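This report refers to the structure that appears directly beneath it.
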Amino acid sequence: MKDWMRFSVAFWHTFHGTGGDVFGAPTKIWPWEDGRNSLDMAKRRMRAHFEFMEKLGVDRWCFHDRDIAPDGKTLIVCPSFMLLFLRSCVNA
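For the sequence shown, position 55 (counting from the first letter as 1) is numbered 1345 according to this note's numbering, and the numbering increases by one without interruption.
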């Protein structure tokens, strides 16, 4: 079954989203969140994410295009934040 139905953890919905939608306010408060959109905050989210995956025994994950790294002030800065973040996760 594992070869046919590959379970994964969706990063945004599980560790970054607040549970809010067009019909209501946020429903989730994460203990690792500090309200900032910083590289340090992104690293804390990612550590929590992989700890959760390890506890579940899940070996696959997915993410949207921009939810794993903080936003930059310009379109030029955003990709460099993403690369910097990914490199820091690999080297951690």
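All C-beta atoms, glycine included, are put in the ideal place defined by N, C-alpha and C. Keep in mind the model is a prediction, meaning the values are calculated, not measured.
query, result
"Given R1296 as reference, the closest of F1340, F1305, A1332 and G1347 once Cα atoms are compared", "G1347"
"Three-state secondary structure assigned by DSSP to A1300", "strand"
"For P1321, the nearest candidate out of W1351, M1331 and G1314 (CA to CA)", "M1331"
"Rounded straight-line distance, which links the Cα of R1335 to that of E1323", "8 Å"
"Residues near H1354 by beta carbon distance below 6 Å, same chain, minus five either side", "W1302"
"Residues that DSSP places opposite D1311 in a beta bridge", "G1314"
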